[in-house]
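Quick note on numbering: the sequence shown equals residues 29 to 274 in the working numbering.
Glycine residues also receive a C-beta, built at the ideal position from the N, C-alpha and C atoms.
Below: the structure, in structure tokens.
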Amino acid sequence: MGKRKQLGANKKDRLVWPMYECLPELGTDIIIPVHNQYHLTRNLLEGIYRYTEEPFHIYLIDNASTDDTVDLHKIYTRNITVVHNRRNRGWCAGINQGICLGRNPNVVFMEATVEVSRGWLSRLSGFLDSHPRIGAVGPLVSNNDGWQNIDRVREKLVPEIPQFLTEDLHERNRILEFHFQGAGILVAEVLSLFCVALKRRAVAAVGPVNAGAPDCSADYCRRLRKAGYVLGLSLDTYVHRHRIEF
């Protein structure tokens, strides 16, 4: 990676970032707000570096962690910007910080509780970019009480999703890719923001995530639709979500 420097963005926060010319011209900004979840965060970062095939840049927003999370910028130095907030500004505010820093045409909002598999981003981006009106795309999910849970999607929307005989994340993705390569569906439901890919122009159209909303995911999806965008679910992308609250 090119030069990196620490900037005092204001008296409360400091910013560790590379020079802009080091960022990819085309790719995805992956925004991950974190607070004291070192092992989960490191597991997610390892997965992103290992299994992401297209250009990306990570914006890791550290919300005043007191564990080893504060030193992650010493371990990961490629395609990453680390922001250290001196107070816990919350997940939504962290997402908004990352939005302001990035410049790539696509954006991913992500929690540290997510675990990804090979090709996760290219599959999400492939469906996202398949039509200009698609503003956001989410994956199928394990361990989720919401409608994106793969068993609920099979029951309510796509009965063709096979029953799995394995719990392995990577094997499940291989099976889904075999059956649904490049496929997705448009949905009327709310996409959870814990792992969602968006067009930057859609984000620009609706503005920041509203931390004051009763349900920030529902609020953001409503605003995306009001701006003329539709939402999609990728049928060949499956992520694991650990049951730990941010």
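Where does residue i fall in DSSP's three states?
i           : result
residue 206 : helix
residue 66  : helix
residue 166 : strand
residue 256 : coil
residue 262 : strand
residue 75  : helix
residue 51  : A caution first: residue 51 carries a pLDDT of 45, below 50, which makes its placement in the model unreliable, though a value can still be read off. Reduced to three states, the DSSP call for residue 51 is coil.
residue 201 : helix
residue 139 : coil
residue 98  : helix
residue 186 : coil
residue 245 : helix
residue 251 : helix
residue 232 : helix
Are the Cβ atoms of residue i and residue j separated by less than 8 Å?
i           : j           : result
residue 244 : residue 219 : no
residue 149 : residue 80  : yes
residue 123 : residue 59  : yes
residue 186 : residue 213 : yes
residue 87  : residue 109 : yes
residue 145 : residue 201 : yes
residue 96  : residue 66  : yes
residue 56  : residue 82  : yes
residue 208 : residue 263 : yes
residue 190 : residue 267 : no
residue 68  : residue 140 : yes
Just to check my reading of the structure: residue i and residue j have Cβ atoms closer than 8 Å, yes? What is that Cβ distance to the nearest angstrom?
i           : j           : result
residue 130 : residue 85  : 7 Å
residue 142 : residue 222 : 7 Å
residue 241 : residue 152 : Actually they are not in contact, since the Cβ atoms of residue 241 and residue 152 sit about 24 Å apart, beyond 8 Å.
residue 125 : residue 261 : Incorrect: roughly 27 Å between the Cβ atoms, too far for contact.
residue 255 : residue 239 : So it is not a contact: roughly 20 Å between Cβ atoms.
residue 228 : residue 135 : 5 Å
residue 164 : residue 230 : 7 Å
Could you spell out the range, first to last residue, of the alpha helix (DSSP H) harbouring residue i?
i           : result
residue 84  : Here residue 84 belongs to no alpha helix (DSSP H); instead the beta strand (DSSP E) covers 84-91.
residue 57  : Note, residue 57: premise wrong, no alpha helix (DSSP H); beta strand (DSSP E) at 56-62.
residue 154 : 148-156
Kindly identify the DSSP beta-bridge partner or partners of residue i.
i           : result
residue 227 : 134
residue 109 : 87
residue 213 : 261
residue 268 : 143
residue 177 : 169
Considering just the uninterrupted stretch of the beta strand (DSSP E) at residue i, what are its terminal residues?
i           : result
residue 122 : Element bounds for residue 122: not the beta strand (DSSP E) but the alpha helix (DSSP H), 119-129.
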